[in-house]
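Residue numbers (our numbering), protein chains in the order written: chain A, 1 to 354; chain B, 1001 to 1354. Quick reminder that beta carbons are idealized off the backbone N, C-alpha and C, glycines included. Written below as structure tokens is the structure these notes are about.
Number of protein chains: 2
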Amino acid sequence: MEITINKTQNPKAKPDMSNLPFGKYFSDHMFIMDYDEGKGWHDPRIVPYGPIELDPSAMVFHYAQEVFEGLKAYKSSDGHVRLFRPDKNFARLNVSNERLAIPQIDEALCLEGLKKLVELDKEWIPEQEGTSLYIRPFIIATDPFLGVKPSESYKFMIICSPSGLYYPEGLAPVKIYVEDSYVRAVRGGTGFTKTGGNYAGSIRAQVVAHEKGYSQVLWLDGVEQKYIEEVGSMNIFFKINGEVVTPALNGSILSGITRMSTIELLKSWGVPVSERKISIQEVSDAYDNGTLEECFGTGTAAIISPVGELSWDDKVMLINDNKIGEITQRIFDTITNIQTGKEEDKMGWVLKVD
Amino acid sequence: MEITINKTQNPKAKPDMSNLPFGKYFSDHMFIMDYDEGKGWHDPRIVPYGPIELDPSAMVFHYAQEVFEGLKAYKSSDGHVRLFRPDKNFARLNVSNERLAIPQIDEALCLEGLKKLVELDKEWIPEQEGTSLYIRPFIIATDPFLGVKPSESYKFMIICSPSGLYYPEGLAPVKIYVEDSYVRAVRGGTGFTKTGGNYAGSIRAQVVAHEKGYSQVLWLDGVEQKYIEEVGSMNIFFKINGEVVTPALNGSILSGITRMSTIELLKSWGVPVSERKISIQEVSDAYDNGTLEECFGTGTAAIISPVGELSWDDKVMLINDNKIGEITQRIFDTITNIQTGKEEDKMGWVLKVD
Ligand SMILES: Cc1ncc(COP(=O)(O)O)c(C=O)c1O
Ligand SMILES: Cc1ncc(COP(=O)(O)O)c(C=O)c1O
């Protein structure tokens, strides 16, 4: 299928690139592709960024049949555009599609569309430290029909937002607390996918967290409410007694691409790392006996976010004196240096666009 | 606040009212009201039915911050328009709003808007047996922003669909099966609300059910996967040894208005009815010892749907010889007669619009 390009006649004024919020401004173009039952995905095209029109009965508004991805483009100091493991995002989008009964996309075609889009809008990639072009592929169900069943028409889109830091704190350690009343996901549900409903259900807990002065909540498993799952939009890692531990992929947490990269890096460095069940009690015990050395979240938006304070009921665990840990810092430096081209990409993670 | 009315200049052709599908055609007008942070809900208005324009970054597309309701309008033989317990729907919408971090609506104002809308579009209320005007109030988050937090702008809308039967089977008993791998909801989650994510996650299981020849799945609880919760868009009742039993409202099932009405009717008739935990094992045991007398689902769309066949693993339970049971029939007749005005509304459930 050929991707057509319709360039904007009215390029927008760029925002102040030295003081960018996250996810608020959007570039000049977007990628769209439609799906109709019997026809499959068709008409991949790049068009000027702008509103979309939908019937008020469109299924996405009522039954949230929708999935999304998030990745970033960087510009290296020599001016080249770099994407970080974009193939993993499109593969994961198809995992989400399968669970949400949305038709599979052609991953290679979508990646091609993304490359063309980023190339076209490359002036929208900010260059200051900590900034990037945040890329959001997503699919929505568009059938104008009320009734719970898979939609027969969809829109796949990619939009791009020049963005600053996700957490205003930056690399400063964040405070999170263990959520023990609300539940995000449970095995058999949609926790392992990137679908809107997972996030909708988490907003209320996040509001409470903010009111209490925390930046995020740490979710426990939905069955026993004992085992650690993940943070709002990050996977979570603990360094306990020299070993780095992260919850195993159990069907209710997202298989993060930053998580995967972190594990691969740690292995390449010979640091012991294990993916397994880990209870909040175990973390609390490690804290008590002085073996809880570091804690950090991993995710595309924040990349690596050190956790300085973890609260569980009345217990406040101050981790590594509320300072970024040695391993945390090393992972952050390595990943960001590979992303921005400051360090050789030995892992083969970067896709150069131009 | 005053509700303004902008009448259509181009009334649509009506579909064949004697052969209506469910949720496919929409009436001439819709009700809209906007919310903006700092301004609250404003500009309630009735306008011609038509598409809405949203930024592709609108939060509803990504994080599914959305809630909805469903109710019906009927026309009695003397031509009056009748709504069934609409106050309960708007009260429940506010329960959903609270959980989804969406601002509360003014229930009285929305009911007023609904009445005006239905009055204006009353020619769209079909009159054949089994048909009605299905009404869908809903709210979507419209902030053009990527990042998980409560939206600062929303749209509340009401659209109306002249509809036939929800299940093509009508009052013929349906076949359902007990879902024991996928999970719909868990305590601490959003199961008690009408939010899109609950339905998105259920579509895959429903596709499998259809492929196997069943019309719906019966969900078990998310924690132990032992206790009965509800069906796709219905609450469930069992008559066991003379007593009618339905799962208690436990935080993970919807508090159905048809369920509530059914319980109130049974009590008024002196039929023993209990809301409690009921396991699928208990139902299976009752089947084995011959005390499982009737089983039916309750919901606005289908009203009452007798269950003729219930499958659990390899066990197939044929209920009441696959015929509609006595109590099931009596509830169906009473509710529909009250709705359509054929029977005196002793319970005070009907709101006459005109
Ligand atoms: C729920 C959740 N967990 C984890 C992550 C981290 O995944 P990734 O590293 O692929 O960005 C994200 C963000 O994408 C997320 O939304
Ligand atoms: C999940 C679910 N359960 C139960 C019901 C029945 O509720 P009500 O009787 O209010 O229509 C519905 C439909 O509204 C539903 O979607």
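Given Thr1008 of chain B, which residues of its chain have a CB within under 7 Å of its CB, disregarding the five upstream and five downstream residues?
Position 8 of the second sequence holds residue 1008 of chain B. Only Asp1028, His1029, Pro1048 meet the Cβ criterion.
Could you tell me whether the Cβ of Gly1189 of chain B comes closer than 9 Å to any Cβ of chain A?
What you label residue 1189 of chain B is simply residue 189 of the second sequence in a count that begins at 1. Residue-level contact by beta carbon holds for Gly1189 of chain B and chain A, with a gap shorter than 9 Å.
Do you know offhand how far Ser255 of chain A's Cα is from Glu1275 of chain B's?
Here residue 255 of chain A is taken as the residue at index 255 of the first sequence, counted from 1. Here residue 1275 of chain B is taken as the residue at index 275 of the second sequence, counted from 1. Each residue's Cα considered, the two are about 40 Å apart.
Out of A:Thr336, A:Gly147, A:Lys346, which one is the CA nearest neighbour of Lys981 of chain B?
Missing from the structure shown is residue 981 of chain B; chain B here goes from 1001 to 1354 and no further.
Segment contact, 8 Å Cβ cut-off, at least three pairs: the segment 279–294 of chain A with the segment 225–241 of chain A:
yes
Under 9 Å between beta-carbons, which chain A residues line up against Arg1092 of chain B? List them in chain order, please.
For this step, residue 1092 of chain B is matched to residue 92 along the second sequence. None at all; the shortest Cβ gap to chain A is about 15 Å.
How about the segment 1121–1135 of chain B and the segment 224–239 of chain A: do they share at least three Cβ pairs that are nearer than 8 Å?
Here the segment 1121–1135 of chain B does not lie against the segment 224–239 of chain A, with fewer than 3 beta-carbon pairs under 8 Å apart.
I'd like to know whether the C-beta atoms of Val1081 of chain B and Val183 of chain A end up nearer to each other than 9 Å.
Numbered from 1 along the second sequence, position 81 holds the residue referred to as residue 1081 of chain B. Numbered from 1 along the first sequence, position 183 holds the residue referred to as residue 183 of chain A. No, Cβ-Cβ distance for Val1081 of chain B and Val183 of chain A is not below 9 Å.
Please compile the residues from chain A whose C-beta is within a distance smaller than 9 Å of the C-beta of Gln1206 of chain B.
One-based indexing of the second sequence puts residue 1206 of chain B at position 206. Neighbours of Gln1206 of chain B in chain A, taken as residues at a C-beta separation under 9 Å, are given in chain order as Ala101, Val148, Lys149, Pro150.
Please tell me whether Val67 of chain A and Leu93 of chain A are closer than 9 Å, where the distance is taken between their beta carbons.
Position 67 of the first sequence, counted from the start, is the residue given in the question as residue 67 of chain A. Position 93 of the first sequence, counted from the start, is the residue given in the question as residue 93 of chain A. Yes, they are a contact pair.
By Cβ distance, which residues of its chain are closer than 7 Å to Ala302 of chain A, with the 5 residues on each side in sequence left out?
The sequence position of residue 302 of chain A within the first sequence is 302, counting from 1. Cβ within range, chain order: Tyr166, Tyr167, Met234.
Based on the DSSP output, what are the partners of Ile240 of chain A in its beta bridges?
Translated into positions along the first sequence, residue 240 of chain A becomes position 240. Answer by DSSP bridge pairing, in chain order: A:Glu243, A:Leu292.
Is the CB of Leu54 of chain A under 9 Å away from at least one CB in chain B?
Stepping through the first sequence from its first residue, residue 54 of chain A is reached at position 54. Closer than 9 Å to some Cβ of chain B, the Cβ of Leu54 of chain A qualifies, so yes.
Contact belief for Gly196 of chain A with Ala1064 of chain B at Cβ below 8 Å, rounded distance in angstroms:
Counted from its first residue, the first sequence places residue 196 of chain A at position 196. Counted from its first residue, the second sequence places residue 1064 of chain B at position 64. The pair is a contact, with the Cβ atoms about 3 Å apart (cut-off 8 Å).
Between Thr1190 of chain B and Tyr1199 of chain B, what straight-line distance do the alpha-carbon atoms span, to the nearest angstrom?
Along the second sequence, one-based indexing puts residue 1190 of chain B at 190. Along the second sequence, one-based indexing puts residue 1199 of chain B at 199. Going by the C-alpha atoms only, they are around 11 Å apart.
Taking the alpha carbon of Ile1158 of chain B as the reference point, which residue from B:Pro1144, B:Pro1126, B:Asp1121, B:Pro1173 has its own alpha carbon closest?
Counted from its first residue, the second sequence places residue 1158 of chain B at position 158. Considering only alpha carbons, the answer is B:Asp1121.
Taking one C-beta from the segment 1290–1306 of chain B and one from the segment 1255–1266 of chain B each time, how about it: are there three or more such pairs within less than 8 Å?
The segment 1290–1306 of chain B, when compared against the segment 1255–1266 of chain B, does touch it at the 8 Å Cβ threshold.
Distance check for Lys155 of chain A and Ile32 of chain A, CA to CA, integer angstroms please.
Along the first sequence, read from residue 1 onward, the residue named residue 32 of chain A stands at position 32. Along the first sequence, read from residue 1 onward, the residue named residue 155 of chain A stands at position 155. Roughly 7 Å separates the two Cα atoms.
Quick one: which chain B residues come within Cβ less than 8 Å of Val60 of chain A?
Reading the first sequence from its first residue, position 60 is the one you call residue 60 of chain A. Here the neighbours are Val1060, Phe1061, Gly1196.
Using three-state DSSP, classify Thr1258 of chain B as helix, strand or coil.
Sequence index remark: in the second sequence, residue 1258 of chain B carries index 258 (1-based). Correct three-state label for Thr1258 of chain B: helix.
With H, G and I counted as helix, E and B as strand and the rest as coil, what does DSSP make of Ser96 of chain A?
Stepping through the first sequence from its first residue, residue 96 of chain A is reached at position 96. DSSP places Ser96 of chain A in helix when its eight states are reduced to three.
Give every residue of the same chain whose Cβ lies closer than 7 Å to the Cβ of Pro1332 of chain B, excluding the five residues on either side of it in the sequence, and list them in chain order.
Locating residue 1332 of chain B in the second sequence gives position 332, where the first residue counts as 1. Here residue 1332 of chain B turns out to be Phe, not Pro, going by the sequence shown. Closer than 7 Å at the Cβ level, and outside the excluded window around Phe1332 of chain B, lie Leu1171, Ile1303, Ile1304.
Residues bridged to Asp34 of chain A (per DSSP):
In the first sequence, residue 34 of chain A corresponds to position 34, counting from 1. For Asp34 of chain A, which the question treats as bridged, DSSP gives the partners A:His42, A:Lys155.
Checking 9 Å against the spacing of the C-beta atoms, do Ile253 of chain A and Lys116 of chain A come in under that value?
By 1-based counting over the first sequence, the position of residue 253 of chain A is 253. By 1-based counting over the first sequence, the position of residue 116 of chain A is 116. It is not a contact, given that the beta carbons lie outside the stated cut-off.
Find the residues of chain B that neighbour Ser233 of chain A, judging by a C-beta separation of less than 7 Å, and give them in chain order.
Start at 1 with the first residue of the first sequence, and residue 233 of chain A comes out as number 233. Going along chain B in sequence order, the residues near Ser233 of chain A (Cβ under 7 Å) are Val1148.
Go to Val1353 of chain B, then tell me how far its beta strand (DSSP E) extends in each direction, as first and last residue.
Stepping through the second sequence from its first residue, residue 1353 of chain B is reached at position 353. Premise fails: Val1353 of chain B is in no beta strand (DSSP E) and is neither H nor E.
Determine the extent of the alpha helix (DSSP H) in which Ile1338 of chain B is found, giving its start and end residues.
Position 338 of the second sequence holds residue 1338 of chain B. First-last of the alpha helix (DSSP H) with Ile1338 of chain B: 1326–1340.
Spatial neighbours of Val1223 of chain B in its chain, beta-carbon cut-off 8 Å, leaving aside the 5 residues before and after
If you number the second sequence from 1, residue 1223 of chain B lands on position 223. These residues qualify, in order along the chain: Val1186, Arg1187.
Distance check for Pro103 of chain A and Leu54 of chain A, CA to CA, integer angstroms please.
Numbered from its first residue, the first sequence carries residue 54 of chain A at position 54. Numbered from its first residue, the first sequence carries residue 103 of chain A at position 103. So the alpha carbons of these two residues sit roughly 20 Å apart.
Residue range of the unbroken alpha helix (DSSP H) whose run includes Ile135 of chain A
Numbered from its first residue, the first sequence carries residue 135 of chain A at position 135. First-last for Ile135 of chain A: 132–141, but that is the beta strand (DSSP E), not the alpha helix (DSSP H).
Can you give me the C-alpha to C-alpha distance between Ile1319 of chain B and Val1174 of chain B, rounded to a whole angstrom?
Residue numbering aside, residue 1319 of chain B sits at position 319 when the second sequence is read from its first letter. Residue numbering aside, residue 1174 of chain B sits at position 174 when the second sequence is read from its first letter. Answer to the nearest angstrom: the Cα atoms are 10 Å apart.
Taking the CB atoms as reference points, tell me whether Ser1163 of chain B and Phe1061 of chain B lie closer together than 9 Å.
By one-based count along the second sequence, residue 1163 of chain B stands at place 163. By one-based count along the second sequence, residue 1061 of chain B stands at place 61. No.
Go ahead and pull the three-state DSSP assignment for Gln1216 of chain B.
Taking the first residue of the second sequence as position 1, residue 1216 of chain B is located at position 216. The answer is strand: DSSP assigns Gln1216 of chain B an E or B state.
Using only the alpha-carbon positions, how far apart do Lys12 of chain A and Gly50 of chain A sit?
What you label residue 12 of chain A is simply residue 12 of the first sequence in a count that begins at 1. What you label residue 50 of chain A is simply residue 50 of the first sequence in a count that begins at 1. Between Lys12 of chain A and Gly50 of chain A, the C-alpha separation is close to 11 Å.
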